[in-house]
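These notes concern the structure reproduced below.
2 protein chains.
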Amino acid sequence: MNHASGTQRQALASNGMRLNELSARTIVDAIRGRRLTAISVMEACLERIAIREPEVKAWSFLDADAARQRARLADEYQASGLPLGPLHGLPVGVKDVFDTSNMPSEYGSQSLRGRRPTEDADAVSLLHRAGAVVVGKTSTSEFGMYHPSPTHNPLDLSRSPGVSSAGSAAAVVDRMVPLALGTQHTASTTLPASFCGAFAFKPSFGFASMQGSNVLVPRMAHIGLLARSLDDLTLFAGAFDHSLADVEVLRHPPRLGLVRGPGWDSVSPDARQALDRLVAGLPVAVVNVDLPSEFDMALEVVLGLLNAHLANRFGALPEQTFRSFCPPLQEGIVAGRSLSAARYLELEAMADRLSALAAALLCDHDALLTLSAPGEATRLEEGPGSGVLSMPWSLCGLPTVSLPLLRGMNDMPIGVQLVGRHGGDRELLGVAAWLTDVVTLDGKSSHEQI
Amino acid sequence: MNHASGTQRQALASNGMRLNELSARTIVDAIRGRRLTAISVMEACLERIAIREPEVKAWSFLDADAARQRARLADEYQASGLPLGPLHGLPVGVKDVFDTSNMPSEYGSQSLRGRRPTEDADAVSLLHRAGAVVVGKTSTSEFGMYHPSPTHNPLDLSRSPGVSSAGSAAAVVDRMVPLALGTQHTASTTLPASFCGAFAFKPSFGFASMQGSNVLVPRMAHIGLLARSLDDLTLFAGAFDHSLADVEVLRHPPRLGLVRGPGWDSVSPDARQALDRLVAGLPVAVVNVDLPSEFDMALEVVLGLLNAHLANRFGALPEQTFRSFCPPLQEGIVAGRSLSAARYLELEAMADRLSALAAALLCDHDALLTLSAPGEATRLEEGPGSGVLSMPWSLCGLPTVSLPLLRGMNDMPIGVQLVGRHGGDRELLGVAAWLTDVVTLDGKSSHEQI
């Protein structure tokens, strides 16, 4: 494929893969080495989107011509010889809870229809500086609440893609874009990753500025990164923190603790069995970790904090706007209105206490291992799925990785969730690399060449 | 006084001052230079306390023999030749809102009668490490609320010493101890300093750990330092932050802004006139600063946050305990119970907004200048006095200094309050040094010799 000239010819890599199917790392390296152009990759992504979007509905906004124009500008910029960012020329999807000055930013809500902020969110600015080409805005549930988004699970259109970074997870897994940006307050990146079979990274609280995004509860507001491999995930994370770009597989066997936390009784038998088999096959002993009883309150704390902030933010809106909201948002606002200030402070103190307890647990373990979701993707008619297994870690601000290493009874993916120490993002990604290395991924090779 | 041997002889410095009247700096230097012993200074302080305490009531706990024993230990420690801390051998009073493992810690409340924590507060540990000899616990209002403490103003026993670090201010001004530790959430150091004529420093929020103290509202919890001169105040502050130990007078004339903030209509005519005369006599132009209108909400925000935290902390106590509380505490709890979580979050957001506005104001000024209190010390029957002039700066976490540079119509002191940039504690103390230098202090000389 060296020195290829026409877009048609560039649509296939030397191993027969279409350009939209290539890994982010391969694409970035090839663009940097002038073996690919940004516009050719963009065309392949847009072609895939054109074919699949009517069914998958991963995008809330996409202007193909504008996206092409941005890709061409990336190529022109490169031709100027100026230094390139780590994601130069790479198509990336951005969940529509981030402000974009050149695209609508509606947070999945009718009430913000046509909203065009004047400033990019900080995370979007960072992607631009890293050279990424933002393709469009991916679908989200309304204000990221537990409510279906328009998106369908690309692996089985009759199933939920999870919430609320559903569009980002679906776009990545369906090979519309190699990377997509999500957010997570409770489970919004981990759940869609588990349901759709994506690799996801929710960094430590404070990892990235959330300025210009839909922050529901400040202490729980995280970015979420979605990709099709762990290697791509680290490339993505490296754009935010350079030290994560070259994460290495942990050299020593990690000390892993197996957590069956709050909500474990909702885990399906096939998911339990799949996790048990994975753990039994590991080359290290995995210690069972009983969470302190205080963690039984975690979901109550999460929902209480969320509802209080919803009441604060949306409580004074006109009745008509309130009635236009999705039921979970209306219910959250109503529940939040009846919370007292004293109870709010109690919830904050509990959150602090749980964070301290979680930090203590992670002194003895390199990572905690649990499921990302209670089972395979729910059927659409069963609702968007439960984020119960992610909530405690979001509340405590700990970094998590979701790896699509398990399969359920319908051969749909189930994520393995690894939880790391606050600030130990690099170590956590190292454990994740170790785990993906020791678990055979259906015998597939990830080798790509351009 | 060199080589003096007997306690009797040591009680007088060479200029005729008693040892308890000497400045903290003089005492520390003399002890370090072996011209004084810690026990001789302690004896002089205890003698003064024995004479005055029945009327002033500055102490909630004092065990003279135990204090002597601690002073002797300081002398023994010095005899061992080990390195000395910056406050070595110096008698210091500690407001009884700090936990002490070797003295009762009752936070001024019947409900905590006889409480003996197992750990010292972090600030108390720091004083010990600095070599200070904690004399005893100084009186406070109940949990630091706006309610009289047992203390009387040492300058006029019929007047209020302010709240809630009243015992610390009275003990310092009455020459019972050269330094005393207070706290401030709203005005608890600045008001007693103004009423009693002490020099006070409330550092930037975050300056010192408040662990082990009576924290009412975390974002407003500050230590407060009280002394009889600015020089002693910087010695004291230097024990917490070494860079403050040798603050120098500002070399350039400071850019000062004169603030007549919320509550200015309660300022008495004599206080206004005294401030106007002081400003008119300064060798620099002082700019009038109109606070943004958002500051009109400052008091509401302060009280709302306080009440919410009171309801959270005390709301679930038995009725009998509740009824034992002073009226302002009961009223605060009741008011706090009716606050909603949404309103609490609104108050937090307003506090953030005010902090940002205050920070912007201080870009144009080296310090803001205002009064520490609305006038002279109130008569005891009029209540403990108003902290309204300090509240906005406590809320915004800005460092303040109170200097007893003014006199009211009854010749009682009125403090000048300087407000600095967050983190600009050293610069603020430099401005305070400049101001005290240019304002003649009744022609008194502060020269001391041992």
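Top line first, the protein sequences correspond to chains A and B.
When the first sequence is numbered by the working numbering, its final residue is 452 and no position is left out of the sequence of numbers.
When the second sequence is numbered by the working numbering, its final residue is 452 and no position is left out of the sequence of numbers.
Glycine included, every Cβ here is placed at the ideal spot set by N, Cα and C.
Only a predicted model underlies this, so the values are computations on that prediction, with no experimental measurement involved.
- Contacts between A173 (chain B) and chain A, judged by CB atoms closer than 8 Å, are missing: the closest CB pair is about 34 Å apart.
- Looking only at A:D292, A:P401, A:G334, A:A239, the smallest Cα-Cα distance to A125 (chain A) is reached by A:A239.
- Nearest C-alpha to G425 (chain A) among A:A361, A:A282, A:P415: A:A361.
- In the structure shown, the three-state DSSP call for P194 (chain B) is helix.
- Counting only Cβ-Cβ distances below 7 Å, E348 (chain A) has contacts in chain B at N314, in chain order.
- Cβ atoms of G110 (chain A) and S143 (chain A) come within 8 Å of each other, at about 6 Å.
- Closer than 7 Å at the C-beta level to chain B, one finds these residues of the stretch 325-357 of chain A: G338, R339, L341, S342, A343, A344, R345, Y346, L347, E348.
- At the C-beta level, S215 (chain B) and V96 (chain B) stay beyond 7 Å of one another.
- Counting of Cβ neighbours within 10 angstroms places T402 (chain B) among the buried residues, the total reaching 16 or more.
- The beta carbon of L48 (chain A) lies closer than 6 Å to those of A66 in the same chain, with the five residues before and after it left out.
- With a 10 Å radius around the Cβ and a threshold of 16 neighbouring Cβ atoms, T380 (chain B) comes out buried.
- Here R70 (chain B) has I41, M44, E45, L48 as same chain residues with Cβ atoms under 8 Å from its own Cβ, once five neighbours each way along the sequence are excluded.
- Interface criterion met: the Cβ of A310 (chain B) is under 7 Å from a Cβ in chain A.
- In the three-state reduction of the DSSP assignment, P386 (chain A) falls in the coil class, being assigned neither a helical nor a strand state.
- Under a 10 Å Cβ-count criterion, S82 (chain B) is classified as exposed, with fewer than 16 other Cβ atoms of the shown protein chains found around its own Cβ.
- For the 7 Å CB-CB criterion, D122 (chain A) and T102 (chain A) form a contact.
- In terms of CA proximity to P376 (chain A), A:S196 leads the group A:S196, A:A287, A:P330, A:K59.
- Where I416 (chain B) is concerned, there is no enclosing alpha helix (DSSP H), although the beta strand (DSSP E) around it starts and stops at 415-421.
- CA-to-CA, the gap between G208 (chain A) and L370 (chain A) works out to about 20 Å.
- Closest in alpha carbon position to R72 (chain A), among A:W61, A:S62, A:K59, A:N104, is A:N104.
- Shown here, S215 (chain B) sits in a strand according to DSSP, grouped into three states.
- The C-alpha of S374 (chain A) is placed about 33 Å away from the C-alpha of R325 (chain A).
- Secondary structure of A200 (chain A) (DSSP, three-state): coil.
- Of all residues in the stretch 251-274 of chain A, none has a C-beta nearer than 7 Å to a C-beta of chain B.
- When 8 Å is used as the limit between beta carbons, G317 (chain A) is near these residues of chain B: A344, in chain order.
- The criterion of a C-beta distance shorter than 7 Å is not satisfied by L228 (chain A) and V179 (chain A).
- Where G432 (chain B) is concerned, the enclosing alpha helix (DSSP H) starts and stops at 427-440.
- Secondary structure note for S62 (chain A): its beta strand (DSSP E) is the uninterrupted segment 61-64.
- About 6 Å separates the CB atoms of V94 (chain B) and V136 (chain B); that is less than 8 Å, so the two are in contact.
- Taking 3 residues as the minimum length, the beta strand (DSSP E) runs contained wholly in the stretch 276-321 of chain B are 288-291, in order along the chain.
- A132 (chain A) is classed as buried because its beta carbon has at least 16 other beta carbons within 10 Å across all chains shown.
- Looking at A:D366, A:L420, A:A282, A:V440, the one whose alpha-carbon comes closest to that of P205 (chain A) is A:L420.
- In the three-state reduction of the DSSP assignment, P93 (chain B) falls in the strand class.
- For Q322 (chain B), the number of other beta carbons within 10 angstroms of its own is below 16, and it is reported as exposed.
- S388 (chain B) and E378 (chain B) have their alpha carbons spaced roughly 11 Å apart.
- The secondary-structure analysis by DSSP pairs S342 (chain A) across a beta bridge with B:S342.
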